[in-house]
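S.K.: The structure under discussion is supplied below as structure tokens; questions concerning it will follow.
Structure follows, in structure tokens:
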């Protein structure tokens, strides 16, 4: 991933270097063209590897989408087939009607959006304090926070359930959103990013009479767009895929989200793959759309914070 | 006039709603199973307008268990839930309503004794069987005209049907399909006369004559088997595998995979040295005393009795493929007519009365995992049967029995 991300940069740099050396030597554009061609050829093994990795990454998606068009027989056939012999669009209708997916979709979109927005806001505030402000016990507090990431979620499930029940939040949207609005990973991610913003900026803003809060929203936030978009996507996808939490904290059909719906097709002695893959395909559409829209920012965010 | 009617209707609904008892049933049913449960429940509510049964799906069994633990800890469990026997033994022995004396004796006498044994905890009847399945032999009728009835016949038939025409060492067709999971060992172990624990549950007795016999049988079978961890309905349906032993819950999947390709049927399990019993799999249903009113418990009992009634029970077995376990139901004309239309259910019905259950040990889930690991180690050749059985006994005793 990281290689793929960094690649355009390197091409640019190499191109510029070539350009400069070409001009200095006073040679013609034909020569320059061959230089670039040579450079590209040298890099071709890398491209081949990248293509192969891409194929491996795409294979499950390919299989999911093609299986979603197979007949029930073909989806279970042995050995499995790659391309459906006939397209069975009906799978999508059957899958959609198997559970209240319209409602699940609405819930998923609402819960994921609220969680992601809330998560970004709280992370921005906390990360700014950790990155740019000095206070007693800052590091201890930060490491304590990061330390909580090591507690497995399953361990907290029962105590969390008790808390939710005591708050009378069981079976409500609050239960699905509020506990996920604060998150350590987001604070950590943004803190790393905020630290790359030079302190001199704050110094000069201060001279102009800028308050901390205004500095945060008018300078730090706009400068950190890639990291914020990345965090938003992470939080959105995390919430979109959440299964156990939703299952445990709700009982009513109207409160449940897409992953719970996908479970409908997994039976005790087998799985209805033709329907499961159809449902999985329409369930992942919004995520793919969101990623395509935010792709550029997302890649920058990942590359600049050193995440993999 | 219209307004008066509306007011009257609203009043009526209000009065009805006041007298209604609502009970929640937490389950792990999905797909066709859930549809059948919904249909039966709707009929129950029609006959009992004062009771509302809310069916709440809680995902898979693991998820249901997690949620039950959390809910019981919060003192907010549902009125009814599905339970595996080891869950009850581990956590709910004091939270469930004893059903002794509440379920009529003639109903209890109508259910196979072994199946009911797993519902007793410290001598109290805490649950009743709900969705039960057994293992069964699936066989390709194009290749196997008469199903094997003993272990020896099964091995001979499997050997004869394994074909490697091009001689590359990988057969084009296998006589048998073998998927390694604990029940693949425990069933032949029981069929050879094995018992899991000593009476006081302090000793594990896998390393024994029956244990060795079962493993040797499986090793011999494996030599002519397609050995894979995935479900076998696919390879069986395409004719790649001539026979396999699997859960009756797999029938709809086999039917789908085999459609238009191979003819098939089911048979009772081939007999081992002692019997041809199958493990009884699946869950039971029980009523919580915690956080429920006497009215709710009474309504829940009514619902359970309805589920056990021959009519609802037959509808359940037909719709889901789970085994019918009431003697009066399977001897009825209705069930006989049903079997005529569904010949694959004849063997299922017979097998339903030849089964055994696991000991009600709170750690059974983990113990079962040890047995599964032991079986895999033997089938993959990592351990000899003696080594594996001794290892399993030691592990089980040290970690779970002492």
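Residue numbers (our numbering), protein chains in the order written: chain R, 1 to 308; chain H, 1001 to 1402. Where a beta carbon is used, it is the ideal one built from N, C-alpha and C, also for glycine.
(1) On the three-pair Cβ rule with 8 Å, is the region 1301–1318 of chain H touching the region 1041–1056 of chain H?
(2) Does any residue of chain H bring its CB to less than 8 Å from the CB of residue 270 of chain R?
(3) Flag this pair as touching only if the region 1111–1126 of chain H and the region 1351–1361 of chain H have three or more C-beta atom pairs under 8 Å; answer yes or no.
(4) DSSP has residue 1356 of chain H in a bridge; who is on the other side?
(5) Within 10 Å of its beta-carbon, does residue 1283 of chain H have 16 or more other beta-carbons around it, so buried, or fewer, so exposed?
(6) Going by the beta-carbon positions, is the gap between residue 1078 of chain H and residue 1107 of chain H smaller than 8 Å?
(7) For the putative contact between residue 1234 of chain H and residue 78 of chain R, defined by C-beta atoms under 8 Å, what is the C-beta separation to the nearest angstrom?
(8) Measure how close the beta-carbons of residue 1316 of chain H and residue 1036 of chain H come, nearest whole angstrom, since I'm counting them as under 8 Å.
(9) Kindly identify the DSSP beta-bridge partner or partners of residue 1245 of chain H.
(10) Thinking C-beta only, is residue 1080 of chain H closer than 8 Å to residue 1330 of chain H?
(11) Pull the bridge partners of residue 1226 of chain H from the DSSP assignment, please.
(12) Between residue 261 of chain R and the rest of its own chain, which residues show a CB-CB distance below 7 Å, the 5 nearest in sequence each way excluded?
(13) Please classify residue 1094 of chain H: does DSSP put it in a helix, a strand, or coil?
(14) Report the start-end ranges of each alpha helix (DSSP H) in the region 244–305 of chain R that is 4 residues or longer and not cut off at the edges.
(15) Is there a Cβ of chain H sitting closer than 8 Å to that of residue 186 of chain R, yes or no?
(16) Quick one, which of H:1095, H:1202, H:1116, H:1170 has its alpha-carbon nearest residue 1105 of chain H's?
(17) Could you tell me whether the Cβ atoms of residue 1290 of chain H and residue 1072 of chain H are closer together than 8 Å?
(18) Please tell me whether residue 1323 of chain H has its Cβ less than 8 Å away from any Cβ of chain R.
(19) Can you tell me whether residue 88 of chain R is buried or exposed, with buried defined as 16 or more other CB within 10 angstroms of its CB?
(20) Since residue 1266 of chain H is in the beta strand (DSSP E), which residue starts that stretch and which ends it?
(21) Straight-line CA distance for residue 265 of chain R to residue 92 of chain R?
(22) With a threshold of 16 other CB atoms inside 10 Å of the CB of residue 1385 of chain H, please say whether the residue is buried or exposed.
(23) Does the Cβ-Cβ distance between residue 1297 of chain H and residue 1228 of chain H come in under 8 Å?
(24) Comparing C-alpha positions only, which one of H:1208, H:1173, H:1068 sits nearest to residue 1188 of chain H?
(25) For residue 1241 of chain H versus residue 1136 of chain H, is the C-beta spacing smaller than 8 Å?
(26) Assign residue 90 of chain R to one of two classes, buried (16 or more other C-beta atoms within 10 Å of its C-beta) or exposed (fewer than that).
(27) Cβ atoms of residue 177 of chain R and residue 310 of chain R: under 8 Å apart, would you say?
(28) Within 8 Å of any Cβ in chain R, is that where the Cβ of residue 1238 of chain H sits?
(29) Figure out for me which residue from R:144, R:238, R:277 has the closest Cα to the Cα of residue 67 of chain R.
(30) Kindly list the residues whose CB is nearer than 8 Å to the CB of residue 291 of chain R, restricted to its own chain and excluding five residues on each side of it in sequence; keep chain order.
(31) Against chain R, with Cβ distances strictly below 8 Å, would residue 1227 of chain H count as a contact?
(32) Alpha carbon to alpha carbon, what distance is there between residue 244 of chain R and residue 1090 of chain H?
(33) Residue 1155 of chain H to residue 1144 of chain H, Cα distance in whole Å?
(34) I need the straight-line Cα distance from residue 1019 of chain H to residue 1400 of chain H, nearest angstrom please.
(35) Might you give, ordered along the chain, the residues of its own chain that have their beta carbon closer than 6 Å to the beta carbon of residue 1393 of chain H, omitting 5 neighbours on each side?
(36) With a CB to CB cut of under 6 Å and the five nearest residues on each side skipped, what residues in its chain are close to residue 5 of chain R?
M.R.: Answer, in terms of the structure:
(1) yes
(2) Your numbering for residue 270 of chain R matches position 270 in the first chain. Closer than 8 Å to some Cβ of chain H, the Cβ of residue 270 of chain R qualifies, so yes.
(3) yes
(4) Indexing the second chain from 1 puts residue 1356 of chain H at position 356. The partner list for residue 1356 of chain H (beta bridge, DSSP) reads H:1279.
(5) Counting from 1 along the second chain, the entry for residue 1283 of chain H is found at position 283. That one is buried.
(6) Position 78 of the second chain holds residue 1078 of chain H. Position 107 of the second chain holds residue 1107 of chain H. Contact flag unset, no.
(7) Here residue 1234 of chain H refers to the residue found at position 234 when the second chain is read from its first residue. Here residue 78 of chain R refers to the residue found at position 78 when the first chain is read from its first residue. 4 Å between Cβ atoms; contact.
(8) Within the second chain, residue 1316 of chain H is the residue found at index 316, counting from 1. Within the second chain, residue 1036 of chain H is the residue found at index 36, counting from 1. The Cβ separation is near 6 Å, so the contact holds.
(9) Indexing the second chain from 1 puts residue 1245 of chain H at position 245. According to DSSP, residue 1245 of chain H bridges with H:1137.
(10) Residue numbering aside, residue 1330 of chain H sits at position 330 when the second chain is read from its first letter. Residue numbering aside, residue 1080 of chain H sits at position 80 when the second chain is read from its first letter. Going by C-beta atoms, residue 1330 of chain H is not nearer than 8 Å to residue 1080 of chain H.
(11) In the second chain, residue 1226 of chain H corresponds to position 226, counting from 1. In the DSSP output, where bridge partners are listed per residue, residue 1226 of chain H has H:1177.
(12) Here residue 261 of chain R is taken as the residue at index 261 of the first chain, counted from 1. Excluding positions up to five away in sequence, the list reads 99, 101, 104, 279.
(13) Stepping through the second chain from its first residue, residue 1094 of chain H is reached at position 94. Three-state result, residue 1094 of chain H: coil.
(14) 244–249, 258–262, 273–305
(15) Taking the first chain and counting its residues from 1, one reaches residue 186 of chain R at position 186. It does not; no Cβ of chain H falls within 8 Å.
(16) Position 105 of the second chain, counted from the start, is the residue given in the question as residue 1105 of chain H. The shortest C-alpha separation from residue 1105 of chain H is found at H:1116.
(17) Along the second chain, read from residue 1 onward, the residue named residue 1290 of chain H stands at position 290. Along the second chain, read from residue 1 onward, the residue named residue 1072 of chain H stands at position 72. In contact: residue 1290 of chain H and residue 1072 of chain H (Cβ atoms closer than 8 Å).
(18) Residue 1323 of chain H sits at position 323 when you count from the first residue of the second chain. So no, residue 1323 of chain H is outside the interface.
(19) Taking the first chain and counting its residues from 1, the one referred to as residue 88 of chain R is at position 88. The residue is buried, with at least 16 neighbouring Cβ atoms inside 10 Å.
(20) Counted from its first residue, the second chain places residue 1266 of chain H at position 266. Taken as a continuous stretch (DSSP letters only), the beta strand (DSSP E) holding residue 1266 of chain H covers 1264–1267.
(21) The residue labelled residue 265 of chain R in the question sits at position 265 within the first chain. The residue labelled residue 92 of chain R in the question sits at position 92 within the first chain. Going by the C-alpha atoms only, they are around 13 Å apart.
(22) The residue you call residue 1385 of chain H lines up with position 385 of the second chain. Buried: at least 16 other Cβ atoms inside 10 Å.
(23) To locate residue 1297 of chain H, count along the second chain from 1; it is residue 297. To locate residue 1228 of chain H, count along the second chain from 1; it is residue 228. Against a cut-off of 8 Å, the Cβ pair of residue 1228 of chain H and residue 1297 of chain H comes out as no contact.
(24) Within the second chain, the letter at position 188 stands for residue 1188 of chain H. It is H:1208 whose Cα lies nearest to the Cα of residue 1188 of chain H.
(25) One-based indexing of the second chain puts residue 1241 of chain H at position 241. One-based indexing of the second chain puts residue 1136 of chain H at position 136. Not a contact, by the Cβ cut-off of 8 Å.
(26) Against the first chain, residue 90 of chain R aligns to sequence position 90. Exposed: under 16 other Cβ atoms inside 10 Å.
(27) With chain R running from 1 to 308 in the structure shown, residue 310 of chain R is simply not present.
(28) As a working mapping, residue 1238 of chain H is identified with position 238 in the second chain. Residue 1238 of chain H counts as touching chain R.
(29) Numbered from its first residue, the first chain carries residue 67 of chain R at position 67. Of the candidates R:144, R:238, R:277, the one whose C-alpha sits nearest the C-alpha of residue 67 of chain R is R:277.
(30) Within the first chain, residue 291 of chain R is the residue found at index 291, counting from 1. Correct list, in chain order: 233, 298.
(31) Within the second chain, numbered from 1, the residue matching residue 1227 of chain H stands at position 227. No - not a single Cβ of chain R is within 8 Å of the one on residue 1227 of chain H.
(32) Looking up residue 1090 of chain H in the second chain gives position 90. Looking up residue 244 of chain R in the first chain gives position 244. In a straight line, the C-alpha of residue 1090 of chain H is about 22 Å away from that of residue 244 of chain R.
(33) Residue numbering aside, residue 1155 of chain H sits at position 155 when the second chain is read from its first letter. Residue numbering aside, residue 1144 of chain H sits at position 144 when the second chain is read from its first letter. Rounded to the nearest angstrom, the two C-alpha atoms are 13 Å apart.
(34) What you label residue 1019 of chain H is simply residue 19 of the second chain in a count that begins at 1. What you label residue 1400 of chain H is simply residue 400 of the second chain in a count that begins at 1. One C-alpha to the other measures close to 49 Å.
(35) Sequence index remark: in the second chain, residue 1393 of chain H carries index 393 (1-based). Here the set comprises 1204, 1206, 1207.
(36) For the purposes of this step, residue 5 of chain R is taken as residue 5 along the first chain, with counting starting at 1. Summary for residue 5 of chain R: the model assigns pLDDT 41, below 50, so the residue's position carries little reliability, and this model does not support an answer.
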